[in-house]
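Chains as they are written, first to last, in my numbering: chain A, 1 to 230; chain B, 1001 to 1230.
Reading through the structure tokens given below for one structure.
2 protein chains.
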Amino acid sequence: MPKIKAVFFDVDDTLYDSTLQAETARKNAIKAMIGAGLSLGEQEAMKSLKHIVKKFGSNYPRHFHELLKESGHDNNPHIIAAGLVAYHNTKLTYLVPFRDTVPTLLSLRDRNYKLGVITNGLAVKQWEKLIRLGVQHVFDVVIISKETGLKKPDPEIFRLALKEIGCNPGEAAMLGDRVDRDIAGANEVGMLTVQLMKGRRRNPPKEPKEEPDYVVPDLRDILDILEKEG
Amino acid sequence: MPKIKAVFFDVDDTLYDSTLQAETARKNAIKAMIGAGLSLGEQEAMKSLKHIVKKFGSNYPRHFHELLKESGHDNNPHIIAAGLVAYHNTKLTYLVPFRDTVPTLLSLRDRNYKLGVITNGLAVKQWEKLIRLGVQHVFDVVIISKETGLKKPDPEIFRLALKEIGCNPGEAAMLGDRVDRDIAGANEVGMLTVQLMKGRRRNPPKEPKEEPDYVVPDLRDILDILEKEG
């Protein structure tokens, strides 16, 4: 196997704990909304909110308006604002890298690997995450689905990333938490694939061909893998 | 003159320095965008941004997209995200009450005045400000233009506030920075009017009838005025 020259990363649940962030932000928002007068129990409200996020998508800007509506409340901007303040404060507080994220990225740079991001999401929103995580200058290439019109697991988004970083598939690794998005597409183009067991670790592989080459608990394990792969 | 029983406040440039906040947030956003690759001078970019805010309104969510467009840049989510992160961080940092805001509100409550807010803006956005300023529980009545369909200086928004707080016009004072919005309408309904010389202090009175009863440099001066008015 040829020497790996470039390592690509997913963002959410790979560079930071977006599952914990989202869950905690929603819990704190619900508590604040109840504190401001929402007449629902915490569990009932959480269940309803999760349903709304699923129905309208995570980037829909009026989840809390919908929560009031679906629970038969009159529109109440005080309650919505209380939820938004708690939600945004929590999102910022939890938007920090896993403790091994930055040391691992720096070690990879020290070893002359090219580094890239391949992420599904809105371009400005994903860049805001990289900036707040403090890693925006570390990557040579950043590929975001909404900007390119391609989306993981489409192999074309991986081919685009490889072209931009200047590598053949066999010279690059893809590291992410989701088999269905990160691993499946990267396997198809022939990259080395590493699944990180962070976040929800949901979406188990449906077919043997979607199995990652490696499964690791932490980002720093990529260093050993690359040493082994030569 | 009958005894004053209720005191109403504007929010922006009355409870906190929204002019300093907005100017500093824009400056820091421009610096961050230039740092991320925007090829404009700081002054040129500030001028262009001010023009865009004026053209599209302050609540338009794509000022930085427009800035890139108007200066002939390609769309660049990294530059826009850098601006947004700096802008929002600065907005939060500067969203603090004037140093006499909370002590004055508490003194008024101690003296059994009813307290209210009459503000122009989006309902959720204005509530978010009250919450982040930490004064959301201090007010008996909060009237926001977009929620009521009325807007300062329309005398009807002042009449609605008076009705909700349970006072006649002669029993209430209105305190705000803008003669054209806060003072003009409150004068028309017959409230005691106090202009606070904060923020831009622009929009001087156009007619003698729009003159405030008092002009004061600080919020705490309302305490002396109320003592004098009985």
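Using N, Cα and C, we set each Cβ at its ideal position, and we do this for glycine too.
Fair warning: this is a prediction, and the values are worked out from it, not measured in the lab.
Look up residue i in the DSSP assignment and say whether it is helix, strand or coil.
i, result
"Thr148(A)", "helix"
"Leu1038(B)", "coil"
"Gln21(A)", "helix"
"Thr271(A)", "The structure shown does not extend to residue 271(A), since chain A is modelled only from 1 to 230, so the question has no answer here."
"Gln136(A)", "coil"
"Val1194(B)", "strand"
"Arg1026(B)", "helix"
"Asp74(A)", "coil"
"Arg1159(B)", "helix"
"Asp1154(B)", "coil"
"Asn59(A)", "coil"
"Gly1199(B)", "coil"
"Gly166(A)", "coil"
Can you give the Cα-Cα distance for residue i and residue j, rounded to whole angstroms?
i, j, result
"Leu92(A)", "Asp218(A)", "23 Å"
"Thr14(A)", "Tyr1214(B)", "59 Å"
"Ile1143(B)", "Ala123(A)", "37 Å"
"Phe139(A)", "Glu227(A)", "21 Å"
"Asn1187(B)", "Pro1212(B)", "7 Å"
"Tyr1016(B)", "Gln1126(B)", "12 Å"
"Glu1042(B)", "Ser1048(B)", "10 Å"
"Leu105(A)", "Leu115(A)", "8 Å"
"Val1102(B)", "Val1194(B)", "18 Å"
"Ala1172(B)", "Gln1136(B)", "20 Å"
"Pro77(A)", "His1088(B)", "21 Å"
"Phe1056(B)", "Ile79(A)", "28 Å"
"Ile183(A)", "Leu162(A)", "15 Å"
"Arg220(A)", "His1051(B)", "48 Å"
"Ile1030(B)", "Asp1110(B)", "44 Å"
"Ile1225(B)", "Asn1075(B)", "54 Å"
"Thr24(A)", "Glu1044(B)", "42 Å"
"His73(A)", "Pro1061(B)", "27 Å"
"Val141(A)", "Val1141(B)", "52 Å"
Which same chain residues, not among the five before or five after residue i, have their C-beta less than 7 Å away from its C-beta?
i, result
"Arg181(A)", "Asn120, Lys152, Pro153"
"Ala1082(B)", "Ala1032, Met1033, Gly1035, Ala1036"
"Thr1019(B)", "Asp1013, Gly1199, Arg1200"
"Leu1108(B)", "Val1007, Leu1115"
"Leu223(A)", "Thr104, Ser107"
"Pro1169(B)", "Leu1162, Val1189, Gly1190, Met1191"
"Asp100(A)", "Asp218, Leu219, Arg220"
Which residues share a DSSP beta bridge with residue i?
i, result
"Asp177(A)", "Bridge partners of Asp177(A): none, in fact."
"Val1007(B)", "Leu1115(B), Ala1173(B)"
"Asp12(A)", "Tyr16(A)"
"Pro1097(B)", "Tyr1016(B)"
"Ile1143(B)", "Ile1118(B)"
"Val1124(B)", "Per DSSP, none; premise fails for Val1124(B)."
"Tyr214(A)", "Val194(A)"
With residue i and residue j assumed to form a contact (beta carbons below 8 Å), what rounded beta-carbon distance in angstroms separates them?
i, j, result
"Leu160(A)", "Leu150(A)", "6 Å"
"Glu128(A)", "Leu1084(B)", "6 Å"
"Pro1097(B)", "Leu1133(B)", "5 Å"
"Ile118(A)", "Asp10(A)", "7 Å"
"Glu164(A)", "Leu192(A)", "Glu164(A) to Leu192(A), Cβ: 18 Å. No contact."
"Lys1005(B)", "Tyr1113(B)", "7 Å"
"Val53(A)", "His63(A)", "6 Å"
"Val1179(B)", "Leu1196(B)", "Contact flag wrong, Cβ pair sits at about 11 Å."
"Ser1071(B)", "Leu1095(B)", "Actually they are not in contact, since the Cβ atoms of Ser1071(B) and Leu1095(B) sit about 29 Å apart, beyond 8 Å."
In chain order, what residues of the same chain have a beta carbon less than 6 Å from the beta carbon of residue i, not counting five sequence neighbours either side?
i, result
"Asn28(A)", "Ala86, Thr90"
"Pro259(A)", "Because residue 259(A) is not part of the residues shown, which for chain A are 1 to 230, the question remains open."
"Lys146(A)", "Leu122, Ala123"
"Leu1130(B)", "Gln1136"
"Asp177(A)", "Asp13, Thr14, Leu196, Lys198, Gly199"
Short of 8 Å in beta carbon distance, which residues of its chain neighbour residue i, apart from the five on each side in sequence? Order them along the chain.
i, result
"Cys1167(B)", "Lys1005, Ala1006, Lys1114"
"Gln21(A)", "Thr90, Lys91, Tyr94, Leu95"
"Ala1046(B)", "At residue 1046(B) the sequence reads Met, which differs from the Ala that was named. Within the same chain, Met1046(B) has close Cβ partners Arg1026, Lys1027, Ile1030."
"Ser58(A)", "Ala22"
"Thr148(A)", "Ile157, Leu160"
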